[in-house]
Amino acid sequence: MSGALDPRLLARAREVVASITGFRNDAIAAEAVERVLRAELGRGRGPADLLGELLHPVSHLGTALVKAILVGETYFFRHPEHFRFISHEAVPAALQRGALALRGWSAGCASGEEAYSLAACLQASVPHGFPVEVLGTDLHEASLESARRATYGTWSRRESAPRLFPLYSETGEREVTILPPVRRITTFAQANLLAPLPERFGRFDFILCRNVLTYFTPAARDAAISLLSRTLNPGGWLFLGAVEVDRVPAGMVREGPPELQAFRLLTPEELHAREAAASRAAARAWPVAAAPPRRPLTPLLPVPAREEAVAPPPPPTRLHLNALERIEEGDEVGASSVLEALVRQAPDYLPGLLELALLRERSGAREGAVPLMRALRSRAERLPPDQLVEGPEALPARFYQASADAYLNQGALE
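Residue numbers (full-length UniProt numbering): 1 to 414.
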(Lines of atoms letter the chains of each structure in order from A; the text may use other names.)
(Lines give C-alpha, C1' and ligand atoms only; values in the text may rest on other atoms or scores of the structure.)
Protein backbone atom coordinates (compact mmCIF):
# COMPACT_ATOMS: atom_id res chain seq x y z
CA MET A 1 0.00 0.00 0.00
CA SER A 2 2.02 2.92 -1.34
CA GLY A 3 -0.70 5.56 -1.82
CA ALA A 4 -0.89 8.80 0.12
CA LEU A 5 -2.22 8.52 3.65
CA ASP A 6 -5.26 10.46 4.81
CA PRO A 7 -3.90 13.86 5.98
CA ARG A 8 -6.36 13.86 8.89
CA LEU A 9 -5.03 10.50 10.06
CA LEU A 10 -1.42 11.67 9.82
CA ALA A 11 -2.18 14.90 11.67
CA ARG A 12 -4.06 13.10 14.45
CA ALA A 13 -1.29 10.51 14.83
CA ARG A 14 1.30 13.26 15.30
CA GLU A 15 -0.98 15.02 17.80
CA VAL A 16 -1.24 11.83 19.84
CA VAL A 17 2.52 11.32 19.85
CA ALA A 18 3.11 14.93 20.87
CA SER A 19 0.53 14.77 23.66
CA ILE A 20 2.13 11.64 25.15
CA THR A 21 5.81 12.48 24.71
CA GLY A 22 5.93 16.30 24.71
CA PHE A 23 8.02 16.13 21.54
CA ARG A 24 8.21 19.05 19.12
CA ASN A 25 6.54 18.44 15.77
CA ASP A 26 9.86 18.37 13.91
CA ALA A 27 11.24 15.78 16.38
CA ILE A 28 8.50 13.28 15.44
CA ALA A 29 9.89 11.19 12.57
CA ALA A 30 7.31 11.27 9.77
CA GLU A 31 8.55 8.01 8.27
CA ALA A 32 8.12 6.20 11.62
CA VAL A 33 4.54 7.44 11.98
CA GLU A 34 3.69 6.47 8.41
CA ARG A 35 5.26 3.04 8.86
CA VAL A 36 2.99 2.26 11.81
CA LEU A 37 -0.15 3.55 10.09
CA ARG A 38 0.57 1.65 6.87
CA ALA A 39 1.12 -1.53 8.86
CA GLU A 40 -2.31 -1.13 10.46
CA LEU A 41 -3.93 -0.39 7.10
CA GLY A 42 -2.18 -3.46 5.68
CA ARG A 43 -4.00 -5.57 8.26
CA GLY A 44 -7.29 -4.52 6.71
CA ARG A 45 -8.20 -1.66 9.01
CA GLY A 46 -9.65 1.52 7.50
CA PRO A 47 -8.65 5.15 8.08
CA ALA A 48 -11.90 5.85 9.92
CA ASP A 49 -11.21 2.93 12.28
CA LEU A 50 -7.72 4.22 13.03
CA LEU A 51 -8.97 7.77 13.54
CA GLY A 52 -11.56 6.46 15.95
CA GLU A 53 -8.93 4.65 18.00
CA LEU A 54 -6.72 7.72 18.07
CA LEU A 55 -9.51 9.70 19.72
CA HIS A 56 -8.17 7.96 22.84
CA PRO A 57 -4.39 8.55 23.03
CA VAL A 58 -3.95 5.73 25.54
CA SER A 59 -4.56 2.92 23.07
CA HIS A 60 -2.73 0.10 21.34
CA LEU A 61 -2.16 2.29 18.30
CA GLY A 62 -0.99 5.26 20.38
CA THR A 63 1.52 3.01 22.14
CA ALA A 64 2.78 1.65 18.82
CA LEU A 65 3.27 5.17 17.46
CA VAL A 66 5.22 6.30 20.54
CA LYS A 67 7.38 3.17 20.39
CA ALA A 68 8.22 3.89 16.75
CA ILE A 69 9.47 7.43 17.30
CA LEU A 70 11.36 7.07 20.58
CA VAL A 71 15.13 7.48 20.31
CA GLY A 72 17.10 4.77 22.12
CA GLU A 73 20.68 5.97 21.67
CA THR A 74 22.49 5.06 24.88
CA TYR A 75 25.58 3.24 26.14
CA PHE A 76 27.54 2.64 29.34
CA PHE A 77 29.05 5.70 31.05
CA ARG A 78 27.91 8.06 28.31
CA HIS A 79 29.16 11.55 29.23
CA PRO A 80 31.73 10.25 31.76
CA GLU A 81 32.22 13.73 33.21
CA HIS A 82 28.86 13.39 34.97
CA PHE A 83 29.78 10.13 36.64
CA ARG A 84 33.16 11.51 37.72
CA PHE A 85 31.45 14.55 39.24
CA ILE A 86 28.95 12.37 41.07
CA SER A 87 31.69 10.16 42.48
CA HIS A 88 34.21 12.87 43.39
CA GLU A 89 31.95 15.77 44.38
CA ALA A 90 28.28 14.97 44.82
CA VAL A 91 28.46 11.72 46.78
CA PRO A 92 30.96 13.09 49.35
CA ALA A 93 28.75 16.18 49.78
CA ALA A 94 25.66 14.01 50.35
CA LEU A 95 27.49 11.85 52.88
CA GLN A 96 28.75 14.94 54.67
CA ARG A 97 25.14 16.19 54.93
CA GLY A 98 24.33 13.01 56.81
CA ALA A 99 22.47 11.02 54.15
CA LEU A 100 21.50 7.57 55.43
CA ALA A 101 21.04 6.15 51.90
CA LEU A 102 21.59 7.34 48.33
CA ARG A 103 18.98 6.99 45.61
CA GLY A 104 19.34 7.71 41.90
CA TRP A 105 16.92 7.96 38.99
CA SER A 106 17.72 7.53 35.31
CA ALA A 107 14.79 9.36 33.71
CA GLY A 108 14.36 8.20 30.12
CA CYS A 109 16.70 5.24 30.53
CA ALA A 110 15.83 3.44 27.24
CA SER A 111 17.42 -0.03 27.48
CA GLY A 112 19.01 0.60 30.87
CA GLU A 113 22.68 1.31 30.24
CA GLU A 114 22.52 4.69 31.98
CA ALA A 115 20.66 3.32 35.01
CA TYR A 116 23.20 0.53 35.52
CA SER A 117 26.07 3.00 35.01
CA LEU A 118 24.64 5.25 37.73
CA ALA A 119 24.17 2.28 40.05
CA ALA A 120 27.79 1.16 39.54
CA CYS A 121 29.01 4.73 40.09
CA LEU A 122 27.11 5.16 43.37
CA GLN A 123 27.99 1.69 44.64
CA ALA A 124 31.69 2.26 44.04
CA SER A 125 31.61 5.71 45.67
CA VAL A 126 30.13 4.87 49.09
CA PRO A 127 31.46 2.82 52.02
CA HIS A 128 30.90 -0.93 51.75
CA GLY A 129 27.35 -1.84 52.75
CA PHE A 130 25.98 1.72 52.47
CA PRO A 131 22.40 1.55 51.07
CA VAL A 132 22.13 2.50 47.40
CA GLU A 133 19.12 2.25 45.07
CA VAL A 134 18.64 3.27 41.43
CA LEU A 135 15.42 3.50 39.43
CA GLY A 136 15.32 3.53 35.64
CA THR A 137 12.15 4.70 33.87
CA ASP A 138 11.09 4.93 30.26
CA LEU A 139 7.91 5.24 28.20
CA HIS A 140 8.70 2.13 26.18
CA GLU A 141 7.97 -1.10 28.07
CA ALA A 142 9.89 -3.24 25.56
CA SER A 143 13.05 -1.22 26.27
CA LEU A 144 12.55 -1.81 29.99
CA GLU A 145 12.23 -5.54 29.37
CA SER A 146 15.62 -5.44 27.64
CA ALA A 147 17.03 -3.53 30.61
CA ARG A 148 15.77 -6.14 33.07
CA ARG A 149 17.56 -8.90 31.13
CA ALA A 150 20.83 -7.06 31.94
CA THR A 151 22.66 -8.56 28.95
CA TYR A 152 24.26 -6.29 26.38
CA GLY A 153 26.26 -6.42 23.17
CA THR A 154 29.10 -4.37 21.76
CA TRP A 155 26.82 -1.42 20.85
CA SER A 156 26.43 -0.63 24.56
CA ARG A 157 30.20 -0.37 25.02
CA ARG A 158 31.89 2.54 23.27
CA GLU A 159 35.53 3.50 23.21
CA SER A 160 34.48 7.12 23.77
CA ALA A 161 33.06 6.21 27.20
CA PRO A 162 35.59 4.58 29.56
CA ARG A 163 34.62 1.82 31.97
CA LEU A 164 34.83 3.96 35.09
CA PHE A 165 33.48 1.54 37.73
CA PRO A 166 32.92 -2.23 38.00
CA LEU A 167 29.76 -2.81 35.98
CA TYR A 168 29.68 -6.00 33.92
CA SER A 169 31.46 -9.27 33.20
CA GLU A 170 32.24 -10.87 29.85
CA THR A 171 29.84 -13.75 29.15
CA GLY A 172 30.58 -14.30 25.48
CA GLU A 173 32.65 -13.07 22.60
CA ARG A 174 30.36 -10.08 22.07
CA GLU A 175 28.20 -10.18 25.16
CA VAL A 176 28.41 -8.81 28.68
CA THR A 177 26.16 -9.25 31.71
CA ILE A 178 25.63 -6.70 34.50
CA LEU A 179 27.32 -7.73 37.74
CA PRO A 180 24.86 -9.16 40.31
CA PRO A 181 25.62 -6.50 43.01
CA VAL A 182 24.81 -3.73 40.50
CA ARG A 183 21.75 -5.53 39.19
CA ARG A 184 20.34 -6.09 42.70
CA ILE A 185 20.17 -2.36 43.46
CA THR A 186 18.63 -1.35 40.10
CA THR A 187 14.92 -1.53 39.26
CA PHE A 188 12.92 -0.42 36.23
CA ALA A 189 9.41 0.94 35.77
CA GLN A 190 7.36 2.59 33.04
CA ALA A 191 6.82 6.31 33.54
CA ASN A 192 6.16 9.49 31.57
CA LEU A 193 8.27 12.57 32.28
CA LEU A 194 5.20 14.75 31.69
CA ALA A 195 3.35 13.16 34.60
CA PRO A 196 4.26 13.17 38.31
CA LEU A 197 6.26 10.12 39.33
CA PRO A 198 4.09 7.94 41.62
CA GLU A 199 4.81 8.62 45.28
CA ARG A 200 5.72 4.99 45.92
CA PHE A 201 9.03 5.59 44.15
CA GLY A 202 10.06 8.19 46.73
CA ARG A 203 12.63 10.94 46.31
CA PHE A 204 16.12 10.94 44.87
CA ASP A 205 19.56 12.38 45.51
CA PHE A 206 20.68 12.13 41.87
CA ILE A 207 18.59 12.39 38.70
CA LEU A 208 20.04 11.88 35.24
CA CYS A 209 17.81 13.21 32.46
CA ARG A 210 20.25 13.71 29.62
CA ASN A 211 19.65 13.97 25.87
CA VAL A 212 15.91 13.57 26.45
CA LEU A 213 14.55 17.11 26.74
CA THR A 214 16.26 18.07 23.46
CA TYR A 215 13.20 16.77 21.64
CA PHE A 216 10.61 18.51 23.84
CA THR A 217 8.67 21.68 23.16
CA PRO A 218 9.71 24.56 25.48
CA ALA A 219 6.51 24.16 27.52
CA ALA A 220 6.97 20.40 27.85
CA ARG A 221 10.64 20.82 28.76
CA ASP A 222 9.84 23.31 31.52
CA ALA A 223 7.06 21.08 32.84
CA ALA A 224 9.35 18.05 32.89
CA ILE A 225 12.11 19.92 34.73
CA SER A 226 9.61 21.15 37.31
CA LEU A 227 8.35 17.59 37.89
CA LEU A 228 11.89 16.24 38.11
CA SER A 229 12.93 18.86 40.66
CA ARG A 230 9.95 17.97 42.86
CA THR A 231 11.28 14.44 43.28
CA LEU A 232 14.72 15.57 44.49
CA ASN A 233 15.72 15.45 48.13
CA PRO A 234 16.88 18.86 49.41
CA GLY A 235 20.47 19.23 48.25
CA GLY A 236 19.98 16.66 45.48
CA TRP A 237 21.40 16.98 41.97
CA LEU A 238 19.79 17.09 38.53
CA PHE A 239 21.98 16.42 35.47
CA LEU A 240 20.80 17.57 32.02
CA GLY A 241 22.20 17.41 28.50
CA ALA A 242 24.61 19.97 27.07
CA VAL A 243 22.19 22.12 25.04
CA GLU A 244 18.87 21.33 26.72
CA VAL A 245 18.66 24.38 29.01
CA ASP A 246 20.54 27.65 29.11
CA ARG A 247 19.50 28.86 32.56
CA VAL A 248 19.32 27.56 36.11
CA PRO A 249 15.97 25.90 36.98
CA ALA A 250 13.92 27.57 39.72
CA GLY A 251 15.00 26.79 43.26
CA MET A 252 18.34 25.36 42.15
CA VAL A 253 21.96 26.44 41.79
CA ARG A 254 24.52 25.42 39.22
CA GLU A 255 27.23 23.07 40.49
CA GLY A 256 30.58 22.40 38.86
CA PRO A 257 31.61 23.85 35.49
CA PRO A 258 28.68 25.40 33.60
CA GLU A 259 29.09 23.02 30.66
CA LEU A 260 28.44 20.12 33.06
CA GLN A 261 24.77 21.17 33.29
CA ALA A 262 24.60 19.95 36.90
CA PHE A 263 22.08 21.67 39.16
CA ARG A 264 21.56 21.25 42.91
CA LEU A 265 18.26 21.80 44.70
CA LEU A 266 18.64 24.32 47.50
CA THR A 267 18.02 23.11 51.03
CA PRO A 268 15.38 24.84 53.22
CA GLU A 269 18.22 26.49 55.17
CA GLU A 270 19.75 27.86 51.97
CA LEU A 271 16.37 29.12 50.77
CA HIS A 272 15.77 30.82 54.12
CA ALA A 273 19.22 32.46 53.97
CA ARG A 274 18.51 33.72 50.45
CA GLU A 275 15.14 35.16 51.45
CA ALA A 276 16.70 36.83 54.48
CA ALA A 277 19.45 38.35 52.34
CA ALA A 278 16.86 39.61 49.84
CA SER A 279 14.83 41.17 52.68
CA ARG A 280 17.91 42.94 54.04
CA ALA A 281 18.76 44.25 50.59
CA ALA A 282 15.21 45.53 50.13
CA ALA A 283 15.31 47.22 53.54
CA ARG A 284 18.55 49.00 52.66
CA ALA A 285 17.09 50.17 49.36
CA TRP A 286 13.77 51.35 50.84
CA PRO A 287 14.83 54.82 52.04
CA VAL A 288 16.18 55.63 48.58
CA ALA A 289 13.09 54.24 46.86
CA ALA A 290 10.76 56.07 49.24
CA ALA A 291 12.47 59.44 49.02
CA PRO A 292 10.16 62.07 47.46
CA PRO A 293 11.22 63.34 44.06
CA ARG A 294 12.91 66.74 43.97
CA ARG A 295 11.14 69.63 42.32
CA PRO A 296 12.98 70.67 39.18
CA LEU A 297 14.59 74.10 39.33
CA THR A 298 13.06 76.73 37.07
CA PRO A 299 15.79 78.18 34.83
CA LEU A 300 16.25 81.93 35.19
CA LEU A 301 17.46 82.32 31.62
CA PRO A 302 16.04 80.81 28.47
CA VAL A 303 17.73 77.56 27.51
CA PRO A 304 19.13 77.51 23.95
CA ALA A 305 17.40 75.11 21.61
CA ARG A 306 19.26 71.82 21.13
CA GLU A 307 18.94 68.99 18.70
CA GLU A 308 16.85 66.15 20.08
CA ALA A 309 19.13 63.54 21.60
CA VAL A 310 18.91 60.01 20.22
CA ALA A 311 18.23 57.50 22.99
CA PRO A 312 20.98 54.89 23.26
CA PRO A 313 19.94 51.30 22.52
CA PRO A 314 19.05 49.21 25.57
CA PRO A 315 21.87 47.06 26.95
CA PRO A 316 22.04 43.48 25.61
CA THR A 317 21.14 41.88 28.93
CA ARG A 318 17.93 43.90 29.17
CA LEU A 319 16.87 42.80 25.70
CA HIS A 320 17.77 39.22 26.58
CA LEU A 321 15.62 39.32 29.72
CA ASN A 322 12.76 40.75 27.67
CA ALA A 323 13.07 37.81 25.27
CA LEU A 324 13.09 35.34 28.17
CA GLU A 325 9.89 36.86 29.54
CA ARG A 326 8.26 36.45 26.13
CA ILE A 327 9.37 32.81 25.94
CA GLU A 328 7.89 32.12 29.37
CA GLU A 329 4.61 33.70 28.21
CA GLY A 330 4.58 31.50 25.10
CA ASP A 331 5.28 34.37 22.70
CA GLU A 332 8.08 32.72 20.72
CA VAL A 333 7.51 34.93 17.68
CA GLY A 334 7.99 38.07 19.77
CA ALA A 335 10.98 36.54 21.54
CA SER A 336 12.55 35.68 18.20
CA SER A 337 12.13 39.28 16.99
CA VAL A 338 13.75 40.64 20.15
CA LEU A 339 16.65 38.20 19.94
CA GLU A 340 17.21 38.91 16.24
CA ALA A 341 17.40 42.62 17.05
CA LEU A 342 19.77 41.82 19.92
CA VAL A 343 22.11 39.79 17.71
CA ARG A 344 22.18 42.57 15.11
CA GLN A 345 22.88 45.17 17.78
CA ALA A 346 25.46 43.13 19.71
CA PRO A 347 26.85 40.34 17.47
CA ASP A 348 29.48 39.45 20.09
CA TYR A 349 26.94 38.96 22.91
CA LEU A 350 27.33 35.20 23.35
CA PRO A 351 24.20 34.56 25.46
CA GLY A 352 22.06 36.13 22.73
CA LEU A 353 23.57 33.93 20.01
CA LEU A 354 22.95 30.81 22.08
CA GLU A 355 19.40 31.81 23.05
CA LEU A 356 18.37 32.56 19.47
CA ALA A 357 19.99 29.34 18.20
CA LEU A 358 18.14 27.23 20.76
CA LEU A 359 14.87 29.02 20.05
CA ARG A 360 15.23 28.34 16.32
CA GLU A 361 16.12 24.70 16.99
CA ARG A 362 13.06 24.24 19.21
CA SER A 363 10.82 25.82 16.57
CA GLY A 364 12.11 23.42 13.90
CA ALA A 365 14.34 25.90 12.02
CA ARG A 366 17.59 23.98 12.40
CA GLU A 367 19.00 25.51 9.22
CA GLY A 368 18.81 28.86 11.02
CA ALA A 369 20.30 27.54 14.25
CA VAL A 370 23.48 26.04 12.80
CA PRO A 371 25.04 29.34 11.57
CA LEU A 372 24.35 30.92 14.95
CA MET A 373 26.05 28.04 16.75
CA ARG A 374 29.04 28.35 14.43
CA ALA A 375 29.25 32.06 15.15
CA LEU A 376 28.94 31.31 18.87
CA ARG A 377 31.81 28.84 18.78
CA SER A 378 33.99 31.18 16.72
CA ARG A 379 33.48 34.10 19.10
CA ALA A 380 33.83 31.98 22.25
CA GLU A 381 37.14 30.54 21.01
CA ARG A 382 38.61 34.04 20.89
CA LEU A 383 38.06 34.58 24.62
CA PRO A 384 40.02 33.14 27.55
CA PRO A 385 38.09 30.00 28.62
CA ASP A 386 37.49 31.27 32.17
CA GLN A 387 36.51 34.81 31.21
CA LEU A 388 33.03 35.52 32.55
CA VAL A 389 30.56 36.65 29.91
CA GLU A 390 27.89 39.13 30.97
CA GLY A 391 24.32 37.91 30.65
CA PRO A 392 21.27 36.95 32.75
CA GLU A 393 23.72 34.55 34.39
CA ALA A 394 27.47 35.25 34.32
CA LEU A 395 29.04 32.18 32.69
CA PRO A 396 32.59 31.55 31.44
CA ALA A 397 33.37 31.54 27.74
CA ARG A 398 34.10 27.81 27.86
CA PHE A 399 30.41 27.15 28.60
CA TYR A 400 29.38 28.73 25.31
CA GLN A 401 32.12 26.95 23.36
CA ALA A 402 31.13 23.61 24.90
CA SER A 403 27.45 24.23 24.11
CA ALA A 404 28.22 25.08 20.50
CA ASP A 405 30.54 22.08 20.14
CA ALA A 406 27.93 19.72 21.58
CA TYR A 407 25.34 20.99 19.12
CA LEU A 408 27.52 21.06 16.03
CA ASN A 409 29.44 17.83 16.65
CA GLN A 410 26.57 15.64 17.83
CA GLY A 411 23.59 17.38 16.33
CA ALA A 412 20.68 18.68 18.36
CA LEU A 413 18.72 15.55 17.43
CA GLU A 414 21.07 12.69 18.03
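Even glycine gets a Cβ: it sits at the ideal position worked out from N, Cα and C. Quick caveat: nothing in here was measured; it's all calculated off a predicted structure.
Look at the alpha carbon of residue 318 and the alpha carbon of residue 342, and state the distance between them as a whole number of angstroms.
As a position in the sequence shown, residue 318 is number 318, starting the count at 1. As a position in the sequence shown, residue 342 is number 342, starting the count at 1. So the alpha carbons of these two residues sit roughly 10 Å apart.
Expressed to the nearest angstrom, what Euclidean distance is found between the alpha-carbon atoms of residue 177 and residue 123?
Against the sequence shown, residue 177 aligns to sequence position 177. Against the sequence shown, residue 123 aligns to sequence position 123. C-alpha separation (whole angstroms): 17 Å.
Would residue 260 and residue 224 qualify as a contact pair, given that the criterion is a beta-carbon distance under 8 Å?
Translated into the one-based positions of the sequence shown, residue 260 becomes position 260. Translated into the one-based positions of the sequence shown, residue 224 becomes position 224. No; because the gap between Cβ atoms is not below 8 Å, this pair is not in contact.
Compute the Euclidean distance between the alpha carbons of residue 239 and residue 4, then round it to the nearest angstrom.
On the sequence shown, residue 239 is found 239 positions in, with the first residue counted as 1. On the sequence shown, residue 4 is found 4 positions in, with the first residue counted as 1. C-alpha separation (whole angstroms): 43 Å.
According to DSSP, is residue 107 helix, strand or coil?
Here residue 107 corresponds to residue number 107 of the sequence shown, with the count starting at 1. Correct three-state label for residue 107: strand.
Whole angstroms is fine: what's the gap from residue 69's alpha carbon to residue 96's?
As a working mapping, residue 69 is identified with position 69 in the sequence shown. As a working mapping, residue 96 is identified with position 96 in the sequence shown. Whole-angstrom Cα-Cα distance: 43 Å.
Nearest neighbour of residue 360, chosen from 409, 21, 332 [CA to CA]
Here residue 360 refers to the residue found at position 360 when the sequence shown is read from its first residue. Here the closest residue by C-alpha is 332.
How is the alpha helix (DSSP H) around residue 359 delimited, first residue to last?
Your numbering for residue 359 matches position 359 in the sequence shown. Residue 359 -> alpha helix (DSSP H) spans 350–362.
Spatial neighbours of residue 416 within its chain, please: CB distance less than 6 Å, with the 5 preceding and 5 following residues excluded, ordered by chain position.
An answer regarding residue 416 cannot be provided, because it is not within the stretch 1 to 414 covered by the chain.
Taking the alpha carbon of residue 144 as the point to measure from, which residue in 165, 132, 114 has its own alpha carbon closest?
Within the sequence shown, numbered from 1, the residue matching residue 144 stands at position 144. For residue 144, the nearest C-alpha among the options comes from 114.
Going residue by residue through the region 195–242, where are the continuous beta strand (DSSP E) segments of at least 3 residues, counting only ones entirely within it?
204–209, 232–240
Return the bridge partner residues of residue 252 from the DSSP annotation.
Taking the sequence shown and counting its residues from 1, one reaches residue 252 at position 252. According to DSSP, residue 252 bridges with 265.
Whole runs of the alpha helix (DSSP H) within the region 111–167, excluding any shorter than 4 residues:
113–125, 141–149
Thinking just about the alpha-carbon of each residue, which of 352, 154, 345, 8 is nearest to the one in residue 404?
Counting from one through the sequence shown, the residue named residue 404 turns up at place 404. Checking every option, the nearest Cα to that of residue 404 belongs to 352.
Can you round the beta-carbon distance between residue 320 and residue 210 to whole angstroms, since I take them to be within the 8 Å contact cut?
Along the sequence shown, one-based indexing puts residue 320 at 320. Along the sequence shown, one-based indexing puts residue 210 at 210. About 26 Å separates the two Cβ atoms, so there is no contact after all.
Express the C-alpha separation of residue 328 and residue 230 in angstroms, rounding to a whole number.
As a first step, residue 230 is located in the sequence shown; it is residue number 230 there, counting from the start. As a first step, residue 328 is located in the sequence shown; it is residue number 328 there, counting from the start. When rounded, the distance between both Cα atoms is 20 Å.
Mind reading off the beta-carbon distance from residue 350 to residue 339? Whole number of angstroms is fine, and I expect it under 8 Å.
Taking the first residue of the sequence shown as 1, we reach residue 350 at position 350. Taking the first residue of the sequence shown as 1, we reach residue 339 at position 339. Going by Cβ atoms, the distance from residue 350 to residue 339 rounds to 13 Å, so no, they are not a contact pair.
Residue 121 to residue 345 span [Cα, whole Å]
Looking up residue 121 in the sequence shown gives position 121. Looking up residue 345 in the sequence shown gives position 345. One C-alpha to the other measures close to 47 Å.
Let's test the definition: count the other Cβ atoms within 10 Å of the Cβ of residue 396 and tell me whether it reaches 16, buried, or not, exposed.
Here the question's residue 396 lines up with position 396 in the sequence shown. The residue is buried, with at least 16 neighbouring Cβ atoms inside 10 Å.
Report all residues from its chain with a CB closer than 7 Å to the CB of residue 12; omit the five preceding and five following residues, and keep chain order.
For this step, residue 12 is matched to residue 12 along the sequence shown. The answer, listed in chain order, is 51, 54.
Checking the sheet assignment: what are the DSSP bridge partners for residue 186?
For the purposes of this step, residue 186 is identified with residue 186 of the sequence shown, where counting begins at 1. According to DSSP, residue 186 bridges with 134.
Rounded to a whole number of angstroms, what is the C-alpha to C-alpha distance between residue 171 and residue 267?
The sequence position of residue 171 within the sequence shown is 171, counting from 1. The sequence position of residue 267 within the sequence shown is 267, counting from 1. If I take the Cα positions, the gap works out to 44 Å.
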